[in-house]
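Numbering (the numbering used here), first residue to last: 33 to 452. Backbone N, C-alpha and C fix where the C-beta goes; we use that ideal spot for every residue, glycine too. Quick caveat: nothing in here was measured; it's all calculated off a predicted structure. Read through the structure below, which is laid out as structure tokens, and then see the notes.
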């Protein structure tokens, strides 16, 4: 797809999952000895990073996931209105969630014994959801990235690629080879979402121009995202767990988790509410971005009922109000008078966010710098809406639109459509 088509999609899902889910630890990061809280090891290994790494790398031996059902994942995500799915084919720990021929550290060598990536992509495509490959550029399992008999105190390769060019060339060939497998043997892939932005030139040069060129030759429609590396291979930017305060001059996507982690760590997980996610999606949309919602199954392969329920609630809202989200672009005044503004074709949408269990206001008034619309609709209400137009009420030439709101049951956010 091209970047305009991607911007039209607005809402996607990123799914993290792997053997680490058996312990409920942060994916990969507990292998790293940096001082960040997400790198903290469980207490019994707090002072034994080597022992922890050995135990962690044995987790595939018990990874069976009896409830793995990608069809149910895809059905819920599609019903939620998600238009593209990015799946973690390999995280920083180097474990391949697909049947790579270049490593034995892979999901088909576990008790689960299934090519998870293939099944996930097939299930999502069957629901009309585009497939995207998440792939980590570093690989902490590879002896050509983290050499086993040398300390590895941080996320970087624990040797100098310039001083050991043959070793680095092996790692580069391995990385290109795994990406080649994913883009040549797993059907249509619309996004190559490369993580690990610290792997970049000049120190850790993977020859991104050549990698991106090959990716586009294998999948001509693909968007290559070299995240956090602002340059020609970054199709769009990917702020994590946050969103910009205003409209950005470039394509972007906020990747934000539904719960506290990128996957379901345990039965007591807490999640953002449907209202919170709808508000987040609206704010992202009117600032010109996409929302990539992070979620994942638990160690059994099941997505919890609480997640399915939230996805259903988001989808129910989008079924009525999706016209104000999909295919839209920001329009001035963007955010004003408590409303968020976006547009598609000749229609303008004014979105009002509602707190949980808040009723519709009886009247809405807002300044509007554009021309007088032909009519004003309230999405989800069939009856005509009464409204008034007052011209030139301020020095900036804005007019005032006042809408008498009907009694209607609308949750999370309402949308006024200015029709021209």
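If one requires a minimum length of 3 residues, the beta strand (DSSP E) runs lying completely within the segment 314-371 are 322-327 and 361-368, in chain order.
Between the alpha carbons of residue 190 and residue 106 lies a gap of roughly 39 Å.
Residue 316 and residue 286 have their C-alpha atoms spaced approximately 8 Å apart.
In the three-state reduction of the DSSP assignment, residue 192 falls in the coil class, being assigned neither a helical nor a strand state. Minimum Cα-Cα distance from residue 156 among the listed residues 123, 222 and 193 corresponds to 222. Around the beta-carbon of residue 34, fewer than 16 other beta-carbon atoms lie within 10 Å, marking it exposed.
Shortest Cα-Cα distance from residue 313 to any of 354, 434, 98 and 184 involves 354. Under the DSSP assignment, residue 162 falls in the beta strand (DSSP E) whose first and last residues are 162-168. Beta bridge pairing from DSSP links residue 432 with 399 and 422. Apart from sequence neighbours up to five positions away, the residues of its chain that approach residue 224 with a beta-carbon distance below 6 Å are 165, 247, 254 and 256, ordered along the chain. When secondary structure is reduced to three states using DSSP, residue 200 falls in the helix class. The segment 399-406 and the segment 336-352 do not touch, with fewer than 3 CB-CB distances between them shorter than 8 Å. Look at residue 451 here: in three-state DSSP terms it is strand.
Three or more beta-carbon pairs drawn from the segment 387-394 and the segment 438-450 are found closer than 8 Å, and the two stretches are therefore classed as touching. Relative to the Cα of residue 113, the nearest Cα in the group 451, 450 and 310 belongs to 310. Using a Cβ distance threshold of 7 Å, residue 394 and residue 374 do not count as a contacting pair. Residue environment for residue 341: exposed (fewer than 16 other C-beta atoms within 10 angstroms of its C-beta).
Counting along the chain, the unbroken beta strand (DSSP E) around residue 122 starts and ends at 116-122.
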